[in-house]
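Asks: Residue numbers (my numbering): 4 to 674. We treat Cβ as the ideally placed atom computed from N, Cα and C, and that holds for glycine. Have a look at the structure that comes next, please.
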């Protein structure tokens with residue numbers, strides 16, 4: 004397809020005539036069939052909802068086709084309307100547009116759906132088993148058409164993948180405002196999502212899937228590296244754990260989506276890692292992309308290879324293509340010293356492809372989850388009980404196990420696993436409680452990311468260099484309590500290019516605080532202005548950050564004043580970003596720990612070299628970070644109190660309400 008044909012296809016949007024029906028591509032990793040949850044009258048409503056995207060003269064042809072999709076897959080994806088052009092991020096200049104900001108968003112959308120990046124690209128599922136960018140291909144086509152037409156004085160409004168329309172706006176307003184899964188709280192159970200998604204009225208946007216900000220497994224690899232690195236330091240220097248391995252052994256699961264970052268993070272952190280993955284296609288994709296070093300299908304052979312790698316002190320990442328429960332039980336049986344353990348199966352989505360029960364093949368599981376969901380649920384819960392039992396054995400021998408924010412502890416407790424302490428709290432910490440929260444989030448360090456819209460690797464290399472200069476300069480005068488974090492991040496960005504992290508767009512992630520993010524972004528803006536960077540840069544972040552997410556079992560799990568279940572911070576974050584210069588904003592129900600368990604918000608910002616971009620950077624990034632630090636300081640997190648006091652000294656018109664501490668004996672006497 005020529006560039007002119009590609010641009011014409013986007014401008015058409017939903018064609019007035021039927022495109023040819025494409026063959027179902029069995030080489031692509033497809034989403035599992037969703038369970039049959041709709042009543043007969045609701046199925047009619049789902050079909051009626053789908054057909055409203057199309058002119059009446061096409062209804063008779065499309066109705067039976069869409070009804071068959073609903074019967075066969077549990078959803079109406081509108082496969083017929085999947086574009087025939089290659090789905091990938093293109094240089095920003097290749098998109099038909101009247102607004103350069105809109106063109107950047109088109110690039111980000113296509114990157115999310117790149118088969119190299121997305122988990123189930125033909126079902127518009129980006130990662131996490133159910134994290135969608137759109138519900139169907141009609142929505143994709145209509146959104147791309149709107150973006151090709153919009154000006155800098157319009158805003159596109161997105162309701163859970165559906166483009167409500169282009170509304171008159173102004174230049175400093177966001178070009179796109181996205182909401183996903185914003186349902187009434189009493190209707191936020193997992194089955195409510197299944198029903199509303201099947202009806203075509205809501206979707207699960209995950210964190211960066213429905214926010215157009217997913218950059219493949221690189222998006223989590225830095226945070227995973229920091230976590231594994233600091234967990235290893237904790238274990239190997241703790242005499243009570245009696246670690247004897249000459250090199251740490253890290254064991255986890257999941258290679259399908261963002262979990263695919265784990266083996267690469269293990270290599271960067273200089274450990275031996277084993278990551279189990281039940282789906283051979285997912286494991287093979289990560290192996291071909293260079294994110295995992297070795298593939299193992301046999302447990303006997305894997306145990307031998309593991310022992311040899313540890314003895315040789317050989318840093319290596321190994322994928323076990325099989326069920327994680329079998330792996331954990333074998334490690335416990337063999338009495339192998341595991342130093343670090345976690346889990347990254349998509350347990351926010353346990354009944355619809357996020358976790359597969361032991362003793363069943365992948366295909367058997369897929370059939371059962373749709374045909375007999377109650378029995379499938381029983382099998383999953385039994386597997387969780389067995390997995391926890393094996394983890395407990397290894398932990399008693401000195402392993403440091405941490406929950407990686409995928410709802411493993413939560414779902415295991417609901418399954419009746421031996422995961423609770425006598426006082427009713429979880430036996431194991433969240434990685435946020437022990438590492439990311441007190442060391443990073445409380446000080447404003449989080450997953451700042453950027454994408455070079457030129458799609459030129461040379462531009463990415465230059466941005467790495469600019470970011471490194473900023474971080475090294477910040478380190479010279481940094482207070483003692485953040486010097487360690489800066490050292491790790493300087494090492495990360497210095498080595499980023501050597502680690503071949505790019506999958507899809509020319510993107511990078513770097514944990515940085517408010518000062519670092521702002522100065523890096525301003526350096527990018529200047530480089531676009533003077534032509535050293537060939538095209539604008541898109542700034543963003545994972546929602547997994549200091550301010551973006553209210554999640555009591557992950558991002559806010561180290562907040563102990565009772566407000567970890569409140570979502571004011573995430574909602575305020577998005578509102579504040581929207582009038583301080585964000586190019587697009589998004590807020591979602593759901594994310595890494597599950598529908599109904601978290602509210603998270605995100606943004607994107609196009610940096611184009613202008614004075615306006617410079618102002619947006621200063622205003623929006625200040626708010627985006629310090630909103631969260633202020634909330635954490637009010638929760639009496641001491642690192643945040645220190646950080647917010649420093650910021651108030653630097654910013655005279657910034658005032659935050661600080662907590663007063665009360666002595667324990669006064670509280671005790673009162674009761």
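For the candidate residues 523, 197 and 88, whose alpha-carbon lies nearest to that of residue 617?
Replies: That would be 523, whose Cα lies nearest to the Cα of residue 617.
Asks: Which partner residues of residue 322 appear in the DSSP bridge assignment?
Replies: In the DSSP output, where bridge partners are listed per residue, residue 322 has 278 and 298.
Asks: Taking residue 292 as the reference, give the member of 302, 273, 259 and 279 with the closest Cα.
Replies: Minimum Cα distance to residue 292 is reached at 259.
Asks: From residue 466 to residue 272, what does the alpha carbon distance come to, in whole angstroms?
Replies: Roughly 23 Å between the two C-alpha positions.
Asks: In whole angstroms, what is the alpha-carbon distance linking residue 458 and residue 609?
Replies: Rounded to the nearest angstrom, the two C-alpha atoms are 15 Å apart.
Asks: Would you mind listing the alpha helix (DSSP H) stretches within the region 410–454 that are 4+ residues and don't spill past its ends, in chain order?
Replies: List check, alpha helix (DSSP H) in window: 411–417.
Asks: Assess contact between the region 487–503 and the region 410–422, defined as three or more Cβ pairs (one per stretch) separated by less than 8 Å. Is contact present?
Replies: Judged by Cβ distances under 8 Å, the region 487–503 makes no contact with the region 410–422, as fewer than three pairs qualify.
Asks: Which value, in whole angstroms, describes the spacing of the CA atoms of residue 152 and residue 635?
Replies: Cα to Cα, residue 152 sits roughly 42 Å from residue 635.
Asks: Only counting runs of 3 or more residues, tell me where the beta strand (DSSP E) segments fall wholly within the region 530–597, in order along the chain.
Replies: The region 530–597 contains these whole beta strand (DSSP E) runs: 540–544 and 587–592.
Asks: Can you pull the DSSP bridge partners for residue 406?
Replies: Residue 406 pairs with 433.
Asks: Does the beta-carbon distance from residue 135 to residue 145 come in below 7 Å?
Replies: Cβ atoms of residue 135 and residue 145: not closer than 7 Å.
Asks: My output table needs one value for residue 225: the three-state DSSP class, helix, strand or coil.
Replies: It is helical.
Asks: Please classify residue 288: is it buried, with 16 or more other beta-carbons within 10 angstroms of its beta-carbon, or exposed?
Replies: Per the 10 Å Cβ criterion, buried.
Asks: Go ahead and pull the three-state DSSP assignment for residue 625.
Replies: Three-state DSSP puts residue 625 in a helix.
Asks: Would you tell me roughly how many angstroms separate the C-alpha atoms of residue 644 and residue 540, rounded to the nearest one?
Replies: Between residue 644 and residue 540, the C-alpha separation is close to 33 Å.
Asks: Name the residue from 400, 290, 382 and 325 whose alpha carbon lies nearest to the alpha carbon of residue 342.
Replies: Checked all of 400, 290, 382 and 325; the closest Cα to residue 342 is 400.
Asks: Return the bridge partner residues of residue 157 from the DSSP annotation.
Replies: DSSP lists 171 as partners of residue 157.
Asks: Excluding sequence positions up to five away, which residues of its chain have a Cβ less than 6 Å from the Cβ of residue 478?
Replies: So the qualifying residues of the chain are 489.
Asks: Classify residue 252 as helix, strand or coil using the three-state DSSP reduction.
Replies: Three-state result, residue 252: strand.
Asks: Counting Cβ pairs closer than 8 Å, one from the region 263–280 and one from the region 208–226, do we hit at least three?
Replies: These segments touch.
Asks: My parser needs the beta strand (DSSP E) runs of 3 or more residues fully inside the region 336–376; what are they?
Replies: Listed in chain order, nothing qualifies, since the region 336–376 has no complete beta strand (DSSP E) run of 3 or more residues.
Asks: To the nearest angstrom, how far is it from the Cα of residue 661 to the Cα of residue 577?
Replies: Taking the straight line from one Cα to the other gives about 23 Å.
Asks: Any C-beta of chain C sitting closer than 7 Å to the C-beta of residue 127?
Replies: The chain inventory of the structure shown lacks chain C, comprising one protein chain alone.
Asks: Run through DSSP, which three-state label would residue 133 get?
Replies: DSSP places residue 133 in coil when its eight states are reduced to three.
Asks: Comparing C-alpha positions only, which one of 240, 440 and 66 sits nearest to residue 567?
Replies: That would be 440, whose Cα lies nearest to the Cα of residue 567.
Asks: Taking the alpha-carbon positions, what's the residue 23 to residue 510 distance?
Replies: Answer to the nearest angstrom: the Cα atoms are 35 Å apart.
Asks: If distances are taken between C-alpha atoms only, which option among 409, 453 and 534 comes closest to residue 514?
Replies: Of 409, 453 and 534, the residue nearest in Cα terms is 453.
Asks: How far does the alpha helix (DSSP H) with residue 111 in it reach, from first residue to last?
Replies: 103–116 is the span of the alpha helix (DSSP H), which, as asked, contains residue 111.
Asks: Check the DSSP bridge columns for residue 497 and list the partner residues they point to.
Replies: The partner list for residue 497 (beta bridge, DSSP) is empty, contrary to what the question assumes.
Asks: Name, in chain order, the residues that DSSP records as bridge partners for residue 503.
Replies: DSSP output for residue 503 lists no bridge partner at all.
Asks: Tell me which residues share the same chain as residue 332 and place their Cβ nearer than 6 Å to its Cβ, disregarding the 5 neighbours each side in the sequence.
Replies: If we look at residue 332 and ignore the five residues flanking it on each side, its Cβ neighbours are 393.
Asks: If you compare alpha carbons, which of 118, 84 and 78 is closest to residue 25?
Replies: Comparing Cα positions, the closest option is 84.
Asks: Identify the continuous alpha helix (DSSP H) that holds residue 271 and give its terminal residues.
Replies: First-last of the alpha helix (DSSP H) with residue 271: 265–271.
Asks: So residue 279 and residue 350 are in contact, right, with Cβ under 8 Å, and what is the actual spacing, rounded?
Replies: Incorrect: roughly 14 Å between the Cβ atoms, too far for contact.
Asks: Taking contact to mean at least 3 C-beta pairs separated by less than 8 Å, is the region 110–126 in contact with the region 175–183?
Replies: Too few Cβ pairs lie closer than 8 Å, so no.
Asks: With 16 other CB atoms within 10 Å as the buried threshold, where does residue 436 fall?
Replies: When all chains shown are included, residue 436 counts as buried.
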